[in-house]
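Right, one structure below, let's go through it.
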Amino acid sequence: MPRQKDKSADTTAPKLKLWSKDSWKGAGFFYTYLRPHRGVFIPALIALAITAFLTALFVKYVGELVAPALEGKTGDALMAEAGTKLKMLIALAATQAFIAFWRIQLFAKAAERALSNLRVDLFSRIVRLPMGILNARRSGELASRIANDVESVRDTLVLTIPMLIRHGVMLTTAVIFILTISVKLALFMLGTLPVVMVLIAIFGARIRKLTRRSQDELAASQVVVDEALQAITSVKAFANETHEQGRYRSAITQYLGTALHAAVPRALFIAFIIFSFSVALGCVAWFAVKMISTEELARSELTMFALFSAIVVQSFGQLPDLLAQFQRALGATDRVREILSEPVEEDTATSPDSAIPRLKGQIEMKNICFAYPTRPEAIVLQDFSFTARAGQRIALVGPSGSGKSTAISLLFRFYDPTSGQILIDGHPINAMPLAHLRKNLALVPQEVLLFGGTIRENIAYGKPLATPEEIESAARQANADSFIRALPNGYETLVGERGTQLSGGQRQRIAIARAILADPAILVLDEATSSLDAESERLVQEALDKLMQNRTSIIIAHRLSTVRTADQILVLSAGTIMERGTHEELMAHGSNLYATLAKLQLG
Ligand SMILES: Nc1ncnc2c1ncn2[C@@H]1O[C@H](COP(=O)(O)OP(=O)(O)O)[C@@H](O)[C@H]1O
Ligand SMILES: [Mg+2]
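For what it's worth, this note's numbering labels the leading residue of the sequence shown as 2, then goes sequentially.
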């Protein structure tokens with residue numbers, strides 16, 4: 002995917018520092034979301050540090066329990082001492098378990114709350130992204146950001162960070178204890194640390210870069226799944242399961258390649274750590290025996306030293322893997338942060354009591370030129386102009402791909418024109434609050450998707466505070482009331498992906514009821530009747546006729562029967578208005594394009 006390559010290209014400058022500026026941003030990002038829950042998170046951190054410290058202390062007591070035996074004590078005196086130590090050990094273990102129980106719960110609380118906020122933030126940013134960006138990113142990719150990337154952030158918060166802290170504290174405590182036993186031996190042992198730190202820095206940056214890439218590729222593979230499932234009827238009808246399988250396999254193979262590629266530095270890294278630690282440990286043991294031979298170290302001290310060394314080795318052995326995981330999570334947050342920092346459209350939220358001023362519905366498009374931001378070289382609309390007086394019906398006809406849908410998407414300000422101006426009631430639409438503009442417009446598209454919920458809720462989508470009477474009256478005007486009542490649960494029937502499946506004509510009439518309820522000044526019908534059978538079309542057309550009363554309407558239609566009564570017909574070809582006038586004018590004129598279309602479609 003070239004676009005994603007570009008994206009990563011600008012961030013792949015070699016980063017050899019463990020904490021590059023970006024990593025700090027990533028860490029700061031975690032902090033932003035945890036801050037509101039610091040009342041829970043900080044106690045959890047403290048509890049974590051305490052349990053880690055107690056683990057190290059526990060090991061110290063085990064050492065002290067066996068020490069007298071190693072120093073040659075025997076009999077009842079030895080057992081009495083051991084008994085006391087054992088009681089202390091049990092008390093310590095109980096304390097530790099108790100704190101751990103609370104600590105894990107607190108962590109989960111803080112992290113899950115922070116993540117829920119992050120998920121909601123991400124979703125609310127995504128739905129507010131401008132159309133240009135939403136179209137450029139495939140929807141599956143955005144959905145995968147919420148699913149996969151947030152999941153990896155979650156792992157970091159509830160697993161990686163606590164483990165990092167736990168091992169960090171255990172390591173520090175063990176090192177301090179070791180220092181109190183023998184400075185000489187401890188320094189010998191710690192000599193290996195700087196080497197490892199440098200390696201973590203080098204491998205970490207590389208692992209993070211590769212992780213980010215594999216995360217992108219995983220998202221790309223998710224797009225295939227989404228597309229295939231959305232269009233599952235087509236997939237099956239064309240018997241293209243194998244083709245889709247191939248598409249998915251190649252996306253997964255790409256991901257697999259990168260993921261395995263990322264495994265190489267990680268494996269190298271860990272292998273190196275294991276090796277260097279084993280060697281270091283051997284050397285330390287040898288050095289310790291040498292110190293015993295010169296009586297610089299007692300036997301019981303050696304036991305203690307060995308126990309603490311076990312902690313050091315174990316904790317240190319975990320650190321690189323944990324840091325690598327942390328780097329991976331930061332890689333995932335890059336993308337999440339990227340979406341969170343994309344500029345969003347102006348907020349269209351309005352408080353329920355703030356009345357949106359109703360526009361009259363006079364529309365003026367002046368010399369519009371437009372190309373989609375993703376394909377700036379392809380001019381879609383060229384010098385597109387028309388004026389509709391309030392209440393008029395404007396029909397837009399023309400071959401498929403001529404720019405009809407594009408023209409109306411400019412009216413909704415899904416995109417801004419490259420040049421030219423759009424005025425409603427004489428005011429430029431880009432100077433109007435977006436909510437003001439869009440609440441005065443309603444769109445009935447060709448393909449209506451209903452939301453999961455009841456039919457009543459779906460109709461109320463056009464006016465959330467509508468009363469049941471208003472909803473039913475809208476449904477009656479939309480010719481939908483009788484079929485809705487015939488359903489087993491009437492208006493409370495669940496529809497949408499998991500509910501009752503309605504026919505195209507029925508969904509269309511629900512969309513019309515929605516628009517009637519919204520009562521917009523301007524109505525846009527984008528091929529609203531094109532995919533319907535004759536009977537549905539008659540019912541829908543009737544409903545539309547009612548809907549178009551008292552408002553300005555823009556009708557895009559393939560069938561000329563629908564546009565005959567329009568006050569003005571605009572005949573579009575390749576983004577330019579070739580002819581305009583009423584049906585009679587255009588026919589009388591003997592005009593070529595419209596007449597051809599009319600002949601083809603009116604028979
Ligand atoms: N989101 C988009 N990004 C880039 N090009 C687009 C987009 N949508 C439509 N186009 C292109 O714009 C042209 C006009 O499309 P459209 O307005 O949908 O035509 P119509 O509705 O008349 O069939 C077509 O060439 C189409 O390929
Ligand atoms: Mg179209």
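No residue lacks a Cβ here, since even glycine has one placed at the ideal position from N, Cα and C.
- At least one heavy atom of ligand 2 is found less than 6 Å from the C-beta of S406.
- Under the 8 Å Cβ criterion, the segment 445-464 counts as touching the segment 512-520, having at least three qualifying pairs.
- Between the alpha carbons of S403 and M579 lies a distance of about 11 Å.
- R376 has its Cβ nearer than 6 Å to a heavy atom of ligand 1.
- Annotation for Q383: C370, G576, T577 place their beta carbon closer than 7 Å to its own, counting only its chain and skipping 5 residues before and after.
- Remark: C-beta atoms of F309 and V170 do not approach each other more closely than 7 Å.
- DSSP places R581 in the uninterrupted beta strand (DSSP E) bounded by 577-582.
- Under the DSSP assignment, A372 falls in the beta strand (DSSP E) whose first and last residues are 364-372.
- Contact check for A567 against A396 passes: the beta carbons are separated by less than 7 Å.
- Beta bridge pairing from DSSP links V398 with V572.
- Setting aside the 5 residues that flank it on each side, A220 is surrounded in the same chain by E142, S145, each with a C-beta closer than 6 Å to its C-beta; the list follows chain order.
- Secondary structure note for A476: its alpha helix (DSSP H) is the uninterrupted segment 469-478.
- Per DSSP, A389 lies in no alpha helix (DSSP H) segment; the continuous beta strand (DSSP E) that holds it begins and ends at 380-389.
- In this structure S235 is exposed. Its beta-carbon is surrounded by fewer than 16 other beta-carbon atoms within 10 angstroms.
- In the same chain as Q255, and ignoring 5 residues on each side of it, the C-beta atoms closer than 6 Å to its own belong to E218, in chain order.
- Short of 7 Å from the beta carbon of I485, and not among the five residues preceding or following it, lie these beta carbons of its own chain, in chain order: I456, A476, G491, Y492.
- In this structure, G402 has its CB closer than 6 Å to one or more heavy atoms of ligand 1.
- Each residue's CA atom was taken as its position, placing N551 and M366 some 21 Å apart.
- Annotation for T563: the continuous alpha helix (DSSP H) segment containing it runs 561-564.
- Taking C-beta atoms as the reference points, E245 and A268 fail to come closer than 7 Å.
- Distance from the C-beta of N593 to the nearest heavy atom of ligand 1 is not below 6 Å.
- For T553, no alpha helix (DSSP H) segment is defined; the enclosing uninterrupted segment is the beta strand (DSSP E) at 553-557.
- Here P44 has L107 as same chain residues with Cβ atoms under 8 Å from its own Cβ, once five neighbours each way along the sequence are excluded.
- A Cβ-Cβ separation of about 5 Å places R129 in contact with E346 under the 8 Å criterion.
- Distance from the CA atom of P344 to the CA atom of R126, rounded to whole angstroms, is 9 Å.
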